[in-house]
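Asks:
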Amino acid sequence: MDTVRIHVNQQLDGVTFSLPLAVRQTLRREFPDANPLGSLYVKYDTQTDFDAYHGLIEPQIYPVLLGLSGSDLKKINHILFVNPVTNQTIYAYPHE
């Protein structure tokens, strides 16, 4: 799988990371054991604390959201965290 786009939506007190339905369906088709989530919400306080002590939270978010691990994750070439309104890439893995 070449690229997965994760939508990042700013909320009043946090961020919602979400996978469009088409992406979830593609993941299930290409990785039968995958269990992708529709969305994952992180409060700003949690994200700020995590970033301060452990580095960026995004590398921890996408394996959980995609429902993949190990060798299956390595089969995805690019993971983009994108603002769905502006189409601006906020974070890319691997870093571009």
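So our numbering is basically just the index in the sequence shown, starting at one, shifted up by 448.
Beta carbons are placed, not taken as given, at the ideal position from N, Cα and C, and that holds for glycine.
Taking DSSP as the reference, what is the three-state secondary structure of residue 518?
Replies: Here residue 518 corresponds to residue number 70 of the sequence shown, with the count starting at 1. It is helical.
Asks: For residue 528, write down the residues that DSSP places opposite it in a beta bridge.
Replies: The residue you call residue 528 lines up with position 80 of the sequence shown. Answer is 453 and 540.
Asks: Within this structure, are the beta carbons of residue 515 and residue 484 separated by less than 8 Å?
Replies: Against the sequence shown, residue 515 aligns to sequence position 67. Against the sequence shown, residue 484 aligns to sequence position 36. Closer than 8 Å, so yes.
Asks: Consult DSSP for residue 442 and reduce its assignment to one of helix, strand or coil.
Replies: Any answer about residue 442 is impossible in this case: the structure gives the chain only from 449 up to 544.
Asks: To the nearest angstrom, how far is it from the Cα of residue 456 to the Cα of residue 520?
Replies: In the sequence shown, counting from the first residue as 1, residue 456 sits at position 8. In the sequence shown, counting from the first residue as 1, residue 520 sits at position 72. Each residue's Cα considered, the two are about 23 Å apart.
Asks: Mark residue 463 as exposed unless 16 or more other C-beta atoms lie within 10 angstroms of its C-beta, in which case mark it buried.
Replies: Working through the sequence shown from its first residue, we reach residue 463 at position 15. Looking at its Cβ environment, which holds 16 or more other Cβ atoms inside 10 Å, residue 463 is buried.
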